[in-house]
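K.L.:
Using the numbering used here, the first residue of the sequence shown is number 1408, and each one after it goes up by one.
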Amino acid sequence: MIRESTSRRATPRYLEIADIIQSEIEEGMYRLDDRLPSEAQLCGRFRENRYTIRQALNILLHTGVIRSNQGKGHFVCEKPLDIQYTITPSTRYSNVIAHLGCTPLAKLLRQEQLPAPETVAKALQLSTDEEVYRLEILRFADSVPLTWNVTWLPVKRFPGLLQHTAALGSLYAMLEQMYGVKLHRIWSTFQATYPTAMEASHLHISANTNLLHIESLMRDDDHQLVEYTSAKYRGDLCRVSIQFEPNHI
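Printed below as a string of structure tokens:
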């Protein structure tokens, strides 16, 4: 039998193998804590070399489908998180995650103050010489990294903000407590994308994992633009829906 060359395949062979194994797990062929066949057995079954099989298994490891026990093999994990994240005009990440029965956590990776980049200045209606804060935040649900956020806030609206971010929990709760500002969503845009190498590393995913990229603009009670955020959600663990306010006619 003539095998199709790897270079002509639309999908790499290791991804095909990972999809097959994951489908078998979802269909109940392997149950929770079951040991998968050894690498040698999988090599024989799929007629592939050990490197390709390891690539397939690594995909399943990164997406939380299986776990590896040193010297014992690979085992089926519990079902990964299935976060149903609903966006409303007043959505708060920590409230949504807690309502779903998970523990929210935010880790501030980087913060800085700088002149507003052109895209940020345009979104927040600032001049390009106005200063903004840039916060790089990794958010978790039950200790699982779920979303990578880059948030921009005007310095003139939140003076001294970087002095209050050391123990960052809920950013919105902190803004309300320290500055008396409640944020309301004006719009959000949605786009499917793939992670950068740094994002993949922090989110514990492979470079082939889909992300849902959501950009949002927020205002305060006085209708002043106060936050522009770029958030990338793990597509393998999270479903995002939009809830429209009731139409009072």
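Ideal Cβ placement from N, Cα and C applies to all residues, glycine included.
Using three-state DSSP, classify Phe-1565 as helix, strand or coil.
P.N.:
By one-based count along the sequence shown, residue 1565 stands at place 158. Residue state, collapsed to three classes: coil.
K.L.:
Quick one: Cα of Arg-1410 to Cα of Tyr-1458, how far?
P.N.:
The sequence position of residue 1410 within the sequence shown is 3, counting from 1. The sequence position of residue 1458 within the sequence shown is 51, counting from 1. Bear in mind that a pLDDT of 46 at Arg-1410, under 50, signals an unreliable position, so the number given afterwards is only what the model happens to contain. If I take the Cα positions, the gap works out to 18 Å.
K.L.:
What runs of the alpha helix (DSSP H), each 4 residues or longer, lie entirely inside the region 1571-1617?
P.N.:
Qualifying alpha helix (DSSP H) stretches, in chain order: 1578-1586, 1604-1610.
K.L.:
Less than 9 Å between the C-beta atoms of Leu-1511 and Ser-1577, yes or no?
P.N.:
In the sequence shown, residue 1511 corresponds to position 104, counting from 1. In the sequence shown, residue 1577 corresponds to position 170, counting from 1. Before going further, note that residue 1511 is Pro rather than Leu in the sequence given. Against a cut-off of 9 Å, the Cβ pair of Ser-1577 and Pro-1511 comes out as a contact.
K.L.:
Just the C-alpha distance for Ala-1505 and Gly-1642, rounded to the nearest angstrom, thanks.
P.N.:
Here residue 1505 refers to the residue found at position 98 of the sequence shown. Here residue 1642 refers to the residue found at position 235 of the sequence shown. Ala-1505 and Gly-1642: Cα-Cα distance of roughly 20 Å.
K.L.:
If we count Cβ pairs, one from each stretch, closer than 8 Å, do we get three or more for the region 1509-1524 versus the region 1565-1581?
P.N.:
Yes, the region 1509-1524 touches the region 1565-1581.
K.L.:
Helix, strand or coil, according to DSSP, for Ser-1501 in the structure here?
P.N.:
Start at 1 with the first residue of the sequence shown, and residue 1501 comes out as number 94. Helix, per DSSP.
K.L.:
Nearest-angstrom Cα distance between Glu-1446 and Ile-1593?
P.N.:
Taking the first residue of the sequence shown as position 1, residue 1446 is located at position 39. Taking the first residue of the sequence shown as position 1, residue 1593 is located at position 186. Cα to Cα, the separation comes out at about 51 Å.
K.L.:
Out of Arg-1546, Glu-1431, Thr-1554, Gln-1518, which has the shortest C-alpha to C-alpha gap to Val-1562?
P.N.:
Residue 1562 sits at position 155 when you count from the first residue of the sequence shown. Looking at the Cα atoms, Gln-1518 is the closest of the given residues.
K.L.:
Would Pro-1602 be called buried (16 or more neighbouring beta carbons within 10 Å of its own) or exposed?
P.N.:
Translated into the one-based positions of the sequence shown, residue 1602 becomes position 195. Buried, because 16 or more other Cβ atoms sit within 10 Å of the Cβ of Pro-1602.
K.L.:
Around the C-beta of His-1469, are 16 or more other C-beta atoms found within 10 angstroms, so that it is buried, or is it exposed?
P.N.:
The residue given as residue 1469 occupies position 62 in the sequence shown. When all chains shown are included, His-1469 counts as buried.
K.L.:
Strictly by DSSP, which residues pair up with Tyr-1635?
P.N.:
Locating residue 1635 in the sequence shown gives position 228, counting from the first residue. Tyr-1635 is bridged to Trp-1559, Leu-1624.
K.L.:
What is the DSSP secondary structure of Met-1408, reduced to helix, strand or coil?
P.N.:
Here residue 1408 corresponds to residue number 1 of the sequence shown, with the count starting at 1. Summary for Met-1408: the model assigns pLDDT 39, below 50, so the residue's position carries little reliability; its value from the coordinates is reported in the next sentence. Reduced to three states, the DSSP call for Met-1408 is coil.
K.L.:
Just list the residues that DSSP pairs Cys-1645 with in beta bridges.
P.N.:
What you label residue 1645 is simply residue 238 of the sequence shown in a count that begins at 1. Bridge partners of Cys-1645: Ile-1490.
K.L.:
CA-CA distance, Arg-1646 and Arg-1454?
P.N.:
Translated into the one-based positions of the sequence shown, residue 1646 becomes position 239. Translated into the one-based positions of the sequence shown, residue 1454 becomes position 47. The straight-line gap from Cα to Cα measures roughly 36 Å.
K.L.:
Straight-line CA distance for Asp-1440 to Ile-1427?
P.N.:
Taking the first residue of the sequence shown as position 1, residue 1440 is located at position 33. Taking the first residue of the sequence shown as position 1, residue 1427 is located at position 20. C-alpha separation (whole angstroms): 18 Å.
K.L.:
Run the CB neighbour count on Glu-1525, radius 10 Å, all protein chains shown included, and call it buried at 16 or more, exposed below.
P.N.:
On the sequence shown, position 118 is the one that residue 1525 refers to. The residue in question, Glu-1525, is exposed, as its Cβ has fewer than 16 Cβ neighbours within 10 Å.
K.L.:
In three-state DSSP terms, what is Arg-1438?
P.N.:
Looking up residue 1438 in the sequence shown gives position 31. Coil at Arg-1438, not helix or strand.
K.L.:
In whole angstroms, what separates the C-alpha of Arg-1541 from that of Leu-1449?
P.N.:
For the purposes of this step, residue 1541 is taken as the residue at position 134 of the sequence shown. For the purposes of this step, residue 1449 is taken as the residue at position 42 of the sequence shown. The straight-line gap from Cα to Cα measures roughly 47 Å.
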